[in-house]
Amino acid sequence: MNEESEILKIHRQWLDLEKSGKGIEVLNLCDRDVVWLIPGLGVLEGIDDIRSFLLAQPESAIIDIETFDVKIEVSGTLAVKKARFCTTILDGTSEMNVKGAHIWTLRKRSGKEQWRVASVAWSIEDDAHNTAFQLKSR
14 MNEESEILKI
24 HRQWLDLEKS
34 GKGIEVLNLC
44 DRDVVWLIPG
54 LGVLEGIDDI
64 RSFLLAQPES
74 AIIDIETFDV
84 KIEVSGTLAV
94 KKARFCTTIL
104 DGTSEMNVKG
114 AHIWTLRKRS
124 GKEQWRVASV
134 AWSIEDDAHN
144 TAFQLKSR
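Take any residue in the sequence shown, count from 1 to its spot, add 13: that is its number in the numbering used here.
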């Protein structure tokens with residue numbers, strides 16, 4: 014399997030975990046010192062802080078996630094994956110579509126064969142549907 018295929022496999026695993034209600038398990042795809050840049054909230058560093066953040070989020074169900082314009086660039090043991098997305102969320106009794114873009118940095122550490130997510134950042138398109146979608150601070 015080539016590098017891009019390996020990264021696309023991680024991308025699909027991440028989406029499958031979120032769609033199956035196991036979003037917290039995406040942390041198993043990340044380095045322990047992973048960094049997330051969260052829109053409107055800033056930076057979280059490390060799996061423990063990110064896990065606490067995820068557990069503090071209001072309950073909602075992800076019905077679907079579509080990604081498009083997925084692009085991957087690999088340079089040795091570093092890679093960047095970026096994509097646009099549309100996530101359909103059931104929040105209580107109403108459905109909403111959240112659109113935006115995300116970017117990951119991935120790396121392979123020496124002696125390890127598997128790519129790990131080292132950083133995640135995303136932005137949400139600013140429109141009427143997305144303004145209702147707010148993340149809670151830690």
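Positions of the beta carbon are idealized from the N, C-alpha and C atoms, including for glycine.
Ignore the nearest five residues each way along the sequence and tell me which others in residue i's own chain have a CB closer than 8 Å to its CB.
i    : result
R64  : I37 and L40
V56  : V48, W49 and L50
W128 : E16, E19, I20, I23, A92, L119, R120 and K121
L68  : I37
L28  : I78 and T80
Note down, in chain order, each residue of its chain lying with its Cβ closer than 6 Å to the Cβ of residue i, except the 5 sequence neighbours on either side.
i    : result
F81  : R97
K95  : K84 and I116
E138 : K112 and G113
F146 : Since pLDDT at F146 reaches only 48, below the 50 mark, its modelled position is unreliable, and the value read off the structure follows with that caveat. Cβ within range, chain order: V111.
Have a look at residue i and residue j and give me their C-alpha separation to the nearest angstrom.
i    : j    : result
I153 : E108 : In the structure as shown, the chain starts at 14 and stops at 151, and residue 153 therefore has no counterpart that could be examined.
E58  : F66  : 11 Å
L50  : V87  : 21 Å
S136 : E126 : 30 Å
G34  : A134 : 21 Å
L42  : T106 : 31 Å
C99  : S73  : 15 Å
I102 : N110 : 6 Å
L30  : D104 : 18 Å
K32  : P52  : 21 Å
Report, in whole angstroms, the separation of the C-beta atoms of residue i and residue j, which I expect to be a contact under 8 Å.
i    : j    : result
V47  : S123 : With a Cβ gap of about 18 Å, V47 and S123 do not count as contacting.
D90  : K121 : A small correction: the amino acid at residue 90 is Thr; Asp does not occupy that position in the sequence shown. Yes, they are in contact, since the Cβ atoms of T90 and K121 sit about 4 Å apart, within 8 Å.
V130 : D44  : 7 Å
In chain order, what residues of the same chain lie with their CB nearer than 7 Å to the CB of residue i, ignoring the 5 residues before and after it?
i   : result
E79 : F98 and C99
Q26 : L42
What runs of the beta strand (DSSP E), each 3 residues or longer, lie entirely inside the segment 21-84? 43-51 and 55-58
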